[in-house]
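To start, the structure under review is shown below, and the notes come after it.
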Amino acid sequence: AAVYRAGVTGRRPLVPTDGHRLEAAARPHLSRRARAYVDGSAGAEATARANLAAFDRHRVVPRVLAGHGGADTSVELFGRRHPSPLLTAPMGVLSLAHRDADVGLARGAAAQGVTHVISTQASVPMEQIVARAPSDAGHWYQLYWSRDEDLAESLVRRAEACGSEAVVVTLDTGHLAWRPRDLDLGHLPFARGEGIAQYTSDPVFRRLVQQRMAAAGRDTGGDAGSDGRTRPTPAAVAALVSMSRRHPGATAANLRSPEPRAAVQTFLDVFSRPDLSWADLPRLRRMTSLPVVVKGVLHPDDARRAVDLGVDGIQVSNHGGRQVDRSVAALDALPAVVAAVRAAGSQVPVLFDSGIRCGADVFVALCLGATAVAVGRPLFHGLAIAGADGVSEVLRNLRAELDLMMSLTGCASPADLTPDRLSRSGDDH
Ligand code: FNR
31 AAVYRAGVTG
41 RRPLVPTDGH
51 RLEAAARPHL
61 SRRARAYVDG
71 SAGAEATARA
81 NLAAFDRHRV
91 VPRVLAGHGG
101 ADTSVELFGR
111 RHPSPLLTAP
121 MGVLSLAHRD
131 ADVGLARGAA
141 AQGVTHVIST
151 QASVPMEQIV
161 ARAPSDAGHW
171 YQLYWSRDED
181 LAESLVRRAE
191 ACGSEAVVVT
201 LDTGHLAWRP
211 RDLDLGHLPF
221 ARGEGIAQYT
231 SDPVFRRLVQ
241 QRMAAAGRDT
251 GGDAGSDGRT
261 RPTPAAVAAL
271 VSMSRRHPGA
281 TAANLRSPEP
291 RAAVQTFLDV
301 FSRPDLSWAD
311 LPRLRRMTSL
321 PVVVKGVLHP
331 DDARRAVDLG
341 VDGIQVSNHG
351 GRQVDRSVAA
361 LDALPAVVAA
371 VRAAGSQVPV
381 LFDSGIRCGA
391 DVFVALCLGA
401 TAVAVGRPLF
411 HGLAIAGADG
421 VSEVLRNLRA
431 ELDLMMSLTG
441 CASPADLTPD
451 RLSRSGDDH
């Protein structure tokens, strides 16, 4: 109702009310390489298209005379009641969207009571995001499990220290994928030092960079001090200062860190562990007492196995089609994963992302068994258009549409969102 009232009092929306139009509206606000990075997907982008098309194959069957005036959209996750079943999807390199980057996104989420999930590829160190975007809705931390185990553990410790309420470990990114739009522009943001602020602000990572520089000697810009430790040369510091000015991940900590090229190379060496296996998962489980969510699960057997190993949540996701082209649409994978988890006797939440664009999409995903959904690209686009206010408005629109849909279809709460509310209609509608 508040959204309508704002409309009729003449306040112009900051962002298109329909989430499908956000991408086009954000275009003038983004550089070519930013558009390639956010709007691009893996390969021929068939999966990215399939993610959206999967929603179109579902139709809702409204019920009438349900006898309640409004819906309660709240859900509980890990002991916290969330006013809506929405989270932010972790997204890296938000500096490409807006100068406020992760701080803007986190502030927009906080304004809507939505928990922000901080990315390991953030443009701003997690401590700064939390300090500059205080939120009653809390925050979670998304981990790319580094090839260097001490670094992975250090990132998790920092997340704990700054109050993260869960760790989401992303399992579908052992390698950066084949992404033609980035490749055609010769653009990998990380290779330019963008989106590596969690690393350059990390003591373990800095040690790795120093080791690399010590091994390579002065060529990489390091000078051995009297204690034998390599220090950046003035030229290297100047290069880092200039790089940091160009992106908002710049911090005092970054400026003290060694030469940027060595940092980028070290990052590329350690950012992910392609040989991660099921045998490793118990170690992460033991690394933290926080709830652990595994993100990127599409196969029911993988979901079952993760639950058997004691994870606290599953996130069905194909990374927005950004990793494996022609992989199954995430929504199409959701019902079987939910069935497998419940058949294993587990009540852990099953989260969902990849293709959420409007409130009706949230409704459908919840009917198919998702406990809550994570919103990705629409928030990047909202951030690009209007900073934190744009993010907040995108989330507000999703919440408002979901609220209305639930009321109009006779659903009092998310518990009423069950598969029998849907009719799978095929493409002929
Ligand atoms: C992502 N995603 C992602 N996932 C993750 O676990 N860590 C990350 O750092 C990132 N970075 C990232 C950057 C950008 C620009 C995008 C668009 C996505 C994937 C993200 O969490 C989520 O899975 C997808 O965004 C969902 O797809 P849609 O709904 O955005 O198309």
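With the sequence shown counted from 1, adding 30 to any position gets you our numbering. Ideal Cβ positions, reconstructed from N, Cα and C, are used throughout, including at glycine. Predicted, not measured: the structure shown is a model, and the values here were computed from it.
Which residue marks the beginning of the beta strand (DSSP E) containing residue i, and which one marks its end?
i, result
"SER453", "452-454"
"GLU183", "Unbroken run through GLU183 is the alpha helix (DSSP H), 179-191; no beta strand (DSSP E)."
"ALA404", "402-405"
"ILE344", "343-346"
"PHE382", "380-382"
"LEU116", "116-118"
"THR200", "197-200"
"VAL90", "88-90"
Since residue i and residue j should fall inside the 8 Å C-beta cutoff, what is the C-beta to C-beta distance between them, to a whole number of angstroms?
i, j, result
"ASP342", "VAL322", "5 Å"
"LEU428", "LEU398", "About 17 Å separates the two Cβ atoms, so there is no contact after all."
"GLY350", "ALA78", "6 Å"
"PHE220", "VAL294", "7 Å"
"GLN345", "ASP383", "7 Å"
"ALA119", "VAL144", "Contact flag wrong, Cβ pair sits at about 11 Å."
"VAL424", "GLY134", "At roughly 12 Å, the Cβ-Cβ gap does not stay under 8 Å, so VAL424 and GLY134 are not in contact."
"LYS325", "LEU438", "Not confirmed; about 32 Å, so no contact."
Where do the N-terminal and C-terminal ends of the alpha helix (DSSP H) with residue i fall, by residue?
i, result
"LEU361", "360-373"
"ARG137", "131-141"
"ARG42", "Note, ARG42: premise wrong, no alpha helix (DSSP H); not H, not E."
"ARG57", "Per DSSP, ARG57 belongs to no alpha helix (DSSP H) and is neither H nor E."
"VAL160", "156-162"
"LEU298", "290-300"
"TYR213", "Reading the sequence as shown, one finds Leu at residue 213 and not Tyr. First-last of the alpha helix (DSSP H) with LEU213: 210-214."
"ARG93", "That residue, ARG93, is in no alpha helix (DSSP H); it is neither H nor E in DSSP."
"GLN240", "233-246"
"THR47", "From DSSP, THR47 is part of no alpha helix (DSSP H); its letter is neither H nor E."
Closer than 7 Å by C-beta to residue i: which residues in its own chain qualify, once you throw out the five before and the five after it? Chain order, please.
i, result
"MET317", "GLU183, VAL186"
"ILE415", "LEU44, VAL45, ALA55, ALA56, HIS59"
"ALA66", "ARG211, ASP212, LEU215, HIS217"
"MET156", "ILE148, TYR171, ARG188, ALA189, CYS192, GLN228"
Please work out which residues of its chain come closer than 6 Å, Cβ to Cβ, to residue i, disregarding the five sequence neighbours upstream and downstream, and give them in chain order.
i, result
"ALA374", "ARG334, VAL337"
"ALA430", "VAL33"
"LEU206", "none"
"ALA127", "PHE410, LEU413, ALA414"
"SER376", "VAL337"
"ARG177", "VAL300, ARG303"
"SER165", "ALA140"
"ALA395", "PHE382, VAL403"
"SER114", "THR103, ARG429"
"ARG111", "SER104"
"ALA136", "HIS146, ILE159, ALA163"
"LEU238", "THR296"
Taking all protein chains shown into account, do 16 or more other C-beta atoms lie within 10 angstroms of the C-beta of residue i, making it buried, or fewer, making it exposed?
i, result
"TRP308", "exposed"
"SER61", "exposed"
"THR296", "buried"
"LEU117", "buried"
"ALA445", "exposed"
"ASP130", "buried"
"GLY406", "buried"
"GLU106", "exposed"
"ARG352", "buried"
"PRO408", "buried"
"VAL94", "exposed"
"ALA161", "exposed"
"HIS329", "exposed"
"GLY385", "buried"
On the three-state DSSP scale, how would you describe residue i?
i, result
"ASN284", "Confidence at ASN284 is low in this model, with a pLDDT of 45, below 50, so the placement of that residue should be treated as unreliable; the coordinate-derived value is given next. ASN284: helix per DSSP, three-state reduction."
"TYR174", "coil"
"PRO316", "Per the sequence shown, residue 316 should be read as Arg rather than Pro. If DSSP states are grouped into helix, strand and coil, ARG316 belongs with the helices."
"THR145", "strand"
"GLU106", "strand"
"ARG111", "strand"
"VAL123", "coil"
"GLY326", "strand"
"ALA445", "helix"
"SER274", "Residue confidence for SER274 is low, a pLDDT of 48 falling below 50, so the modelled location carries little weight; the figure read from the coordinates is stated next. Correct three-state label for SER274: helix."
"HIS411", "helix"
"HIS169", "strand"
"CYS388", "coil"
"GLY350", "helix"
"ASP310", "helix"
"ARG228", "The sequence given here has Gln at residue 228, not Arg. Helix."
Excluding the five sequence neighbours on either side, which residues of its own chain have a C-beta within less than 8 Å of the C-beta of residue i, listed in chain order?
i, result
"LEU434", "GLY389"
"PRO312", "LEU339, GLY340"
"LEU447", "PHE393, LEU396, CYS397, MET436, CYS441"
"GLY70", "ARG209, PRO210, ARG211, ASP212, ARG352"
Are the C-beta of residue i and some C-beta of chain D separated by less than 8 Å?
i, result
"ALA333", "Protein chains in the displayed structure number just one, and chain D is not present."
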